[in-house]
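Below is one structure, written out as structure tokens, with a few remarks after it.
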């Protein structure tokens, strides 16, 4: 019991009290439930790996996006983290594939381009039949630096490189918009 | 004293307690300060009016933007409220002039196009030498409806009509972006 509590405490956001409560819940639950949890924990490490094409976390290689016949394999959306894919999938309007960098360029944290999955993206673009690369890194300093670096690396391939729009979020008010976002919204205005 | 407290209570966000505190502060302040406050309250109604060109609140007519020789009078930015001008001015990169609608189309609240300063905008566009109209209404249902209506009204003039960018605010994270904003950010992507 003490060992289980100790192990649970290592999880983020779980303190002594929570770990104890979780441990007692597991103790009281059925043998099947406990076995399912133990199996799921073991499997996540054993079975999940990175997709050899896009570096997304997956249990089949290539991942569901890269192996899909209904998705546009010529449209690649570059994101920082696997979780960003969920945010883009939620729009239900993107039908291309992804490339996960697993981070962004951040010299202050010692993360340079060579620590990210950039060379595999460049190879993929050079080899594959790709029409457009969408740079969907975050609109932060690191994400912008990464997008700028990538556009420099990919420019010589001559294909279409786009950056997602920065601007005022839908449902928001101009009055409460910070000046840099307002500036980007003005710069990024589109003809109707 | 009771009359002053009653009058102060009419201000938004000022209750009995606050009104009393303000009244006592005025009582204790110098004659000059009290007179300055009284004069400022009187003047705001007597001297401020709407600019005859852009409907901005101003004490000189035409307003500082419309009468400026250094601003581009051929670039008009349409906003819902006079306060929105401050948000755009803060970017320090917009050098055109404004047109204030004093609201947005909202059928649920009984506000139709005829309640807004739209006819004066159409006249201004038809008469004046204008190159571009930027529709900077809010990215809300009402603001979008107003932008769509305006672009329909102005399209026949044949000039450039643009809409400010909707997208992810600068410094924000894709993971925390709602799906409609994410969709707009993808749709509004720009070539690098």
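Protein chains in written order, with the numbering used here: chain U, 29 to 220; chain R, 29 to 220. We put the beta carbon where it would ideally sit given N, CA and C, even for glycine. This one's a predicted model, so the numbers in the text were calculated from it and none came from an experiment.
Residue i and residue j closer than 8 Å at C-beta
i: residue 124 of chain R; j: residue 99 of chain R; result: yes
i: residue 76 of chain U; j: residue 87 of chain U; result: yes
i: residue 106 of chain R; j: residue 121 of chain R; result: no
i: residue 214 of chain R; j: residue 119 of chain U; result: yes
i: residue 141 of chain R; j: residue 196 of chain U; result: no
i: residue 193 of chain U; j: residue 216 of chain R; result: yes
i: residue 84 of chain R; j: residue 145 of chain R; result: no
i: residue 24 of chain R; j: residue 104 of chain U; result: Residue 24 of chain R lies beyond the residue range present for chain R, which begins at 29 and ends at 220; the question has no answer from this structure.
i: residue 101 of chain U; j: residue 150 of chain U; result: no
i: residue 54 of chain U; j: residue 47 of chain U; result: no
i: residue 78 of chain U; j: residue 51 of chain U; result: no
i: residue 176 of chain R; j: residue 153 of chain R; result: no
i: residue 220 of chain U; j: residue 179 of chain R; result: yes
i: residue 44 of chain U; j: residue 37 of chain U; result: yes
i: residue 27 of chain U; j: residue 133 of chain U; result: Summary: the structure shown does not reach residue 27 of chain U, with chain U confined to residues 29 through 220, and so no result is reported for it.
First through last residue of the beta strand (DSSP E) which encompasses residue i
i: residue 104 of chain R; result: 103-107
Span of the alpha helix (DSSP H), counted from its first residue to its last, around residue i
i: residue 39 of chain U; result: Run containing residue 39 of chain U: none; DSSP gives neither H nor E here.
Closer than 7 Å: residue i CB and nearest the ligand ATP heavy atom
i: residue 158 of chain R; result: Ligands are entirely absent from the displayed structure, and the ligand ATP is therefore not among its contents.
Task: At least 3 beta-carbon pairs within less than 8 Å: the stretch 189-198 of chain U vs the stretch 160-170 of chain U - done: yes
Open item on the list: Going residue by residue through the stretch 41-82 of chain R, where are the continuous alpha helix (DSSP H) segments of at least 4 residues, counting only ones entirely within it?
Closed with: 44-56, 59-75
Open item on the list: Give the list of continuous alpha helix (DSSP H) stretches no shorter than 4 residues that lie fully inside the stretch 99-151 of chain U.
Closed with: 110-117
Task: Residues of the stretch 183-210 of chain U with Cβ closer than 9 Å to any Cβ of chain R, in chain order - done: 183, 188, 189, 190, 191, 192, 193, 194, 195, 196, 197, 198, 199, 200, 201, 202, 203, 204, 205, 206, 207, 208, 209, 210
Open item on the list: To test your reading of the DSSP string, which unbroken beta strand (DSSP E) runs of 3 or more residues are found completely within the stretch 155-217 of chain R?
Closed with: 160-163, 188-191
Open item on the list: Below 8 Å, how does it come out for the stretch 196-203 of chain R and the stretch 109-117 of chain U: are there three or more Cβ pairs, yes or no?
Closed with: yes
TODO: Check each residue of the stretch 53-84 of chain R: if its Cβ is closer than 7 Å to any Cβ of chain U, include it; give the result in chain order.
DONE: When CB distances to chain U are screened at a threshold of 7 Å, not a single residue of the stretch 53-84 of chain R falls below it.
TODO: Please name the residues in the stretch 108-131 of chain R whose beta-carbon is closer than 7 Å to at least one beta-carbon of chain U, in chain order.
DONE: Residues 111, 112, 115, 116, 118, 119, 121, 122.
Task: Residues of the stretch 143-162 of chain R whose Cβ lies closer than 8 Å to any Cβ of chain U, in chain order - done: Taking 8 Å as the Cβ-Cβ cut-off against chain U, the residues of the stretch 143-162 of chain R that qualify are 162.
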